[in-house]
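**Q**
In the working numbering, the protein residues as written are 3 to 193.
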């Protein structure tokens, strides 16, 4: 009879050991779940932070490019203004701390900008004229009714308004880049 209690006690001890191991396993599993959950949340935070940072960087690049474009246009205009004082490109480069290639590139860029502005203002004037209602033929009672409208249209077309935020178009002057094709340069001057 003494063997039965020993068997029961061994079975009880084995059961208790199994319960302890199962409890420890559950604790470790809970800890693993907590760690995995924290890691997943941090990975999502990293992804969100990375996306937000990239969005901000893209916005800053757009602002930088916009401001650099405006500043380059101003520099190009100043280079052309210096060239308009009838000095060679080499001297302009020396005075402005640039290379001759940069001076020529600035001149070309300025000429393209002026051409683009002229083209866009011509397009906008054409579009405005096309969209305007065609005047009806004057009746016998109103022979001069259409004349004031034609007179008011001419001054508006003769002035080129700059686009919003753009720089105004400067009229061509003697010695300006627009007229350089027709100009005769003195010997020894390089543009």
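No residue lacks a Cβ here, since even glycine has one placed at the ideal position from N, Cα and C. Every value quoted in this text rests on a predicted model; they were computed, and no experiment measured them.
Given a threshold of 16 other Cβ atoms within 10 Å of its Cβ, counted over all protein chains shown, does residue 43 qualify as buried or as exposed?
**A** Counting Cβ neighbours within 10 Å, residue 43 comes out exposed, since fewer than 16 surround it.
**Q** Rounded to the nearest angstrom, what separates residue 104 and residue 68 at their Cα positions?
**A** Rounded to the nearest angstrom, the two C-alpha atoms are 20 Å apart.
**Q** Using the Cα positions of residue 85 and residue 91, report the straight-line distance between them to the nearest angstrom.
**A** Computed Cα separation, rounded: 7 Å.
**Q** Between residue 70 and residue 108, how many whole angstroms is the CB-CB distance? I'm expecting something under 8 Å.
**A** Not confirmed; about 14 Å, so no contact.
**Q** Give the single residue among 113, 110, 81 whose Cα lies nearest to the Cα of residue 99.
**A** That would be 81, whose Cα lies nearest to the Cα of residue 99.
**Q** Is residue 111 near residue 66, with beta carbons less than 9 Å apart?
**A** Cβ distance not < 9 Å, so residue 111 and residue 66 don't count as in contact.
**Q** By the DSSP assignment, the alpha helix (DSSP H) with residue 96 in it spans what residues?
**A** Run containing residue 96: 91 to 98, per the alpha helix (DSSP H) assignment.
**Q** Tell me whether residue 50 sits in a helix, a strand or coil according to DSSP, three-state version.
**A** It is helical.
**Q** DSSP three-state label for residue 39, please.
**A** Three-state DSSP puts residue 39 in a helix.
**Q** For residue 115 and residue 96, I'd like the C-alpha separation in whole angstroms.
**A** Each residue's Cα considered, the two are about 24 Å apart.
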